[in-house]
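Asker:
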Amino acid sequence: MKHGAFLSLALTAVMGAIAIPMLPSFAQAQSRTRIGDLQQRARGTVISGEVVSVVGNDFTLRDGSGEIIVDAGPRWWREINLKPGEEVSVRGEIGKKSGEFDAFSITRANGSTIEIRPAEGPPPWAGKPKPERLPAAAQPVKP
């Protein structure tokens with residue numbers, strides 16, 4: 627009987643060790659904030675919901691409490707390619723000027739993550755002109 631109980635405990639431990647890493651990262655250990663409850667919060671707030679519409683790299687995210695526009699940076703920096711109907715979790719913060727939710731990263735339902743920008747400091751594209759707007763003389767020379 628003791629051998630059977632030990633085997634059962636060992637099997638439970640092995641199954642738990644296999645199942646936990648397989649959970650999508652958006653389902654692990656981060657608390658979610660409902661869109662309707664958003665206020666100016668610390669960097670790294672996580673919201674989740676369904677993508678309602680997409681325009682460029684901005685998209686509307688809806689959960690049971692409301693909707694918000696998520697800004698995922700300029701399309702020329704990194705194209706996100708989300709589609710309406712996708713379920714995603716977004717880590718970011720409320721923009722100080724726009725009231726939109728500025729994304730740091732987006733995690734799809736399959737667990738893949740789109741890194742947008744670091745949480746600290748200005749976005750990497752801040753103060754940089756769009757590459758297609760540089761005059762030909764200002765384009766970097768490739769060796």
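Its first residue numbered 627, the sequence shown is counted upward by one per residue in this note's numbering.
Yeah, the Cβ is synthetic: ideal placement off N, Cα and C, and Gly gets one too.
1) Under 8 Å between the Cβ atoms of S674 and R658?
2) Please list, in chain order, all residues of the same chain as G699 whose beta carbon is under 7 Å from its beta carbon, the five residues on each side excluded.
3) Which residues share a DSSP beta bridge with R688?
4) Can you tell me the Cα-Cα spacing of G721 and S715, whole angstroms?
5) Could you have a look at I706 and say whether DSSP puts it in helix, strand or coil?
6) Using a 10 Å radius around the Cβ and a threshold of 16 neighbouring Cβ atoms, would you call G753 buried or exposed?
7) According to DSSP, what are the bridge partners of T671?
Answerer: Judging by the given coordinates:
1) yes
2) N683, I742, R743, P749 and W751
3) E676 and E693
4) 17 Å
5) coil
6) exposed
7) G718
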